[in-house]
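Numbering (this note's numbering), first residue to last: 26 to 315.
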């Protein structure tokens, strides 16, 4: 330090201190602004997340409370009652099947929604079934306390055109046609790829609306013929959607189809790139041989 110029050294120290102070203030302001931006960013992200969560919750609540099950199907398994007094036959009843119309302790049918119910039968193309002829389907629904809700009867020979089969009986084929078909499809029959069977569909209800005071719980299907032969059977329930329900269901189906199409397109592009029972409520379906 030059003892002859103390004022100059003091001015330099003051200038450096002033610069450092301004630099410190600038750093503090910048850190404060950065902190505020981070806080604002977190607030915006939180608000967006909250809005998304509220939207999902509202949509889920609306869909769960307003949208019905568009379709429902269940297998039908038949059995014979043996607890009867008649000693003439071991099986003293017709084929019977119990079906539950509940899923996860919830009613399958939405109250106020119209449904179409149909029964599909997979039957062997056997001489016994050919001789069986036409039969009638009857559907009767009961409330939880056992009261009758609805009843439906369908002749096996006079079904609505909406069903896949107009007659609930096997299609007629002559002996010559059977022989030629058997010879032609013999390899498929021997390997189990194909079977000699026919699939029939009978419409039980074309426009069934469940009673809100006595909703459906279970279903019973009974075929009143001891000679009928069935491979398998399935009950189909389809909702008649209209208005907003139809629009929402169409939008969801289109979105699902679009996602599936996009996935298939990606797979194809990757490939071409070189990648070498009766309890409470009862619904009866009775099949009568005419």
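Ideal Cβ placement from N, Cα and C applies to all residues, glycine included.
Among the residues of its own chain, which have a CB less than 8 Å from the CB of residue i, if the five just before and after it don't count?
i	result
residue 74	none
residue 201	none
residue 41	none
Just tell me which of the options has its CA closest to the CA of residue i.
i	options	result
residue 234	256, 248, 80, 142	142
residue 253	210, 146, 209	146
residue 228	67, 199, 262	262
residue 258	69, 100, 56	100
residue 130	241, 265, 255	241
residue 153	264, 255, 46	255
residue 144	226, 118, 77, 210	226
residue 106	119, 95, 98	119
residue 231	238, 219, 139, 210	139
residue 265	220, 203, 43, 95	95
So what's residue i in DSSP terms, helix, strand or just coil?
i	result
residue 255	coil
residue 51	helix
residue 293	In this prediction, residue 293 has a pLDDT of 47, which is less than 50 and means its spatial position is unreliable; what the coordinates show is noted afterwards. Three-state result, residue 293: helix.
residue 61	helix
residue 97	strand
residue 238	coil
residue 325	Outside the displayed range of the chain (26 to 315) lies residue 325, so it cannot be described from this structure.
residue 197	coil
residue 46	helix
residue 266	coil
Between which two residues does the beta strand (DSSP E) harbouring residue i extend?
i	result
residue 145	139–149
residue 249	243–249
residue 234	222–234
residue 153	Per DSSP, residue 153 belongs to no beta strand (DSSP E); it is in the alpha helix (DSSP H), 152–157.
residue 107	No beta strand (DSSP E) holds residue 107; DSSP gives it neither H nor E.
Along the chain, where does the alpha helix (DSSP H) that runs through residue i open and close?
i	result
residue 216	211–216
residue 123	Segment 121–125 is the beta strand (DSSP E) holding residue 123; no alpha helix (DSSP H) there.
residue 136	First-last for residue 136: undefined, no H or E at that position.
Skipping 5 residues on each side, what residues in its chain have a beta carbon closer than 6 Å to that of residue i?
i	result
residue 54	none
residue 83	none
Quick one: what's got a C-beta closer than 7 Å to residue i's C-beta in the same chain, skipping five residues either side?
i	result
residue 148	154, 195, 222, 223, 225, 254, 255, 256
residue 151	254
residue 102	122
Looking at chain C, is there any beta carbon in it that lies within less than 9 Å of the beta carbon of residue i?
i	result
residue 74	The structure shown contains no chain C; it holds only a single protein chain.
(message) If contact is defined by three or more beta carbon pairs under 8 Å, each pair taking one atom from either stretch, is the region 232–249 in contact with the region 117–131?
(response) yes
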